[in-house]
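Notes follow the structure.
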Amino acid sequence: MAEESLQPIRGMSDLAAPEICLWHALEQTARDIMSAYAFQEVRTPLVEQTAVFTRSLGDTTDIVQKEMYRVLDRGGRELTLRPEGTAGVMRHVSGLGQDGADARLYYLGPMFRAERPAAGRRRQFHQLGAEAIGPATAMADAEMIALQAHVLEAWGIKDFVVHLNTRGAPDDFSRVTEALRAALAGQRHTLCADCQRRYNENPLRILDCKVEQCAEQVAALPPITEWMGAPANAYVDEVLAWLERLNIPAVKNPRLVRGLDYYQHTVWEVTHSGLGAQDALSGGGRYALNMAGRPVEGVGFAIGLERVIAVLKAQGLVPESMMPRPDVFVVSHGDRAAEENLVLMQSLRLRGIAALMDVRGRSVKAQMRAANRSRSRFVIIRGDTELAAGTFQFKDMDAGSQAELDMPALMNRLLPGPAHAVANQAGDE
RNA sequence: GUGGGUGUAGCUCAGUUGGUUAGAGCGUCAGGUUGUGGUCCUGAAUGUCGCGGGUUCGAGUCCCGUCACUCACCCCA
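Each residue of the first sequence is one higher than the last, beginning at 75 in our numbering.
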């Protein structure tokens, strides 16, 4: 066998410049908006006891059945790399007791699912999620959808669509399940293999099957809300009313049910036409379940960062344009000058000026090339001549102009510098 | 998990019906007189042709396997 191929494992990859600059920008925007909605960040462990996920997501879900990275630790305990963020947050909240009754929390980080990678789907991917813990009210649900739309818009995502549905109250659930089985009983054998299995295990999931023959039969069914009681219907309508009041466009999609068992009442998904096969940008819903003996109710969503970035790139955004520019590159000629320039560079950095220099003792020409490649805004050249005269050559790399300055004049050019270097960044080509 | 496509220098790729020292563009580095970038000119370096096996006098080129990437299905973010 090959000695060792230390490459990243399938579906996981490094995230570095220039792409990382885009991530920083998105993260900063998201944190600001979360603060505006009074959400606090929570960082739960990347690994939890397997039961945290199996109990909350549901045993029959695809995530639990075939997509979790499960490992045994030294004590033989069953652990799992988190496939989503909600379960860990609920576990956290259940430990807070009364203090967790109205928690407003968000998270941002990697999730793991052992799937076959494809466009918009990785084994390690990243989600921004938010959870509002508290009693079920339509206003709380609408607020979350508004928050989510706010984030997507602030990131510059255009033309996303919010699909909304209800899974009904808990006591509607069995009624809908039975009604579905009854409605499909006759044509059961014409459904796809997966749906025949779902017919027994979880008939709701048949509703969002993409196989054509199933979709046709589903289209002929009445909307599931007809089998639900009046309270459940009143609840969704109220959510829709609040959204309208907030000017958040949303379309009702009676086939949307989502794949996780903990949802009840409002569920939604945001799609974008520019994504291809995996067109879901984010999803969320209201849930209720028992975590460690404590009931936890809440509403939340998760946005797939990789997919957001795919849309932004499709919209023409280039990560390279977001790379920060160094303010100044220091060029030396002669050992004495190099020594003094190292000290100069350090003092510039202490004042917040982004500075760098060549540390290999290369020719002035090579240093200038390096300065150009680094996209530095300015170059300071100080050799033996300048050292003797107590001056600096100060070159504007964009304009190509150069002037000889003394120390006060140099500082004068550089200290207000970051401001106009930033202003310049937007306009460079 | 199932199916399709791909895998040749840092990057994007070419490589004719298997034939002798494997190429281009971009990038990198160095020069174009002795202290100056981005344009131009000249030159240089870099490949276990994904990995393993097989067929053959001979394989980047054919066959098998394997790994990875990629796309679709499934499901989801």
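The beta-carbon is built from N, C-alpha and C at its ideal position, and this holds for glycine as well.
None of these values were measured; they are calculated from a predicted model.
- Comparing alpha-carbon positions, the option among Ala206, Leu120, Met164, Gly150 lying closest to Arg368 turns out to be Met164.
- Comparing C-alpha distances from Arg117 to each of Leu258, Glu205, Arg144, Arg84 shows the shortest one belongs to Glu205.
- Rounded to the nearest whole angstrom, the CA to CA distance from Glu380 to Tyr111 is 24 Å.
- Proximity to Ala440 across Phe466, His407, Arg451 peaks at His407, based on C-alpha coordinates.
- Only residues of its own chain outside the window of five on either side were considered, and among them His339, Arg360, Glu371 have a CB closer than 7 Å to the CB of Ala210, listed in chain order.
- Under the three-pair Cβ rule at 8 Å, the stretch 457 to 466 counts as touching the stretch 410 to 425.
- Inter-residue distance for Arg196 and Thr128 is about 21 Å (C-alpha atoms, whole angstroms).
- Taking a 10 Å sphere around the C-beta of Gly357, we find 16 or more other C-beta atoms and assign the residue as buried.
- Below 8 Å, enough C-beta pairs join the stretch 141 to 155 and the stretch 174 to 191 to call them touching: three or more.
- Scanning the stretch 198 to 262 for uninterrupted beta strand (DSSP E) segments of 3 residues or longer gives 198 to 207, 235 to 240, listed from N- to C-terminal end.
- The C-beta distance from Val344 to Leu226 rounds to 7 Å, short enough to meet the 8 Å contact threshold.
- Three or more Cβ pairs closer than 8 Å define a contact, and the stretch 310 to 329 meets that threshold against the stretch 234 to 242.
- In the structure shown, Gly169 falls within a coil segment according to DSSP collapsed to helix, strand and coil.
- Scanning its chain for C-beta atoms nearer than 6 Å, with the 5 sequence neighbours on each side dropped, one finds around Tyr181 the residues Val116, Gly159, Gly203, in chain order.
- Under DSSP, Tyr180 takes part in a beta bridge, and its partners are Glu115, Ala204.
- Secondary structure note for Leu278: it is in no beta strand (DSSP E), with a DSSP letter that is neither H nor E.
- In the DSSP annotation of this structure, Gln287 is not part of any beta strand (DSSP E); the continuous alpha helix (DSSP H) holding it starts and ends at 286 to 294.
- Taking a contact to require three or more Cβ pairs closer than 8 Å, the stretch 131 to 139 and the stretch 90 to 103 do not qualify as touching.
- In the assembly as shown, Leu80 is an exposed residue. Its beta-carbon has fewer than 16 other beta-carbons within 10 Å.
- Ile454 sits close to Val402, with the two beta carbons spaced by under 7 Å.
- Across the structure, Phe375 and Pro400 are spaced so that their CA atoms are roughly 38 Å apart.
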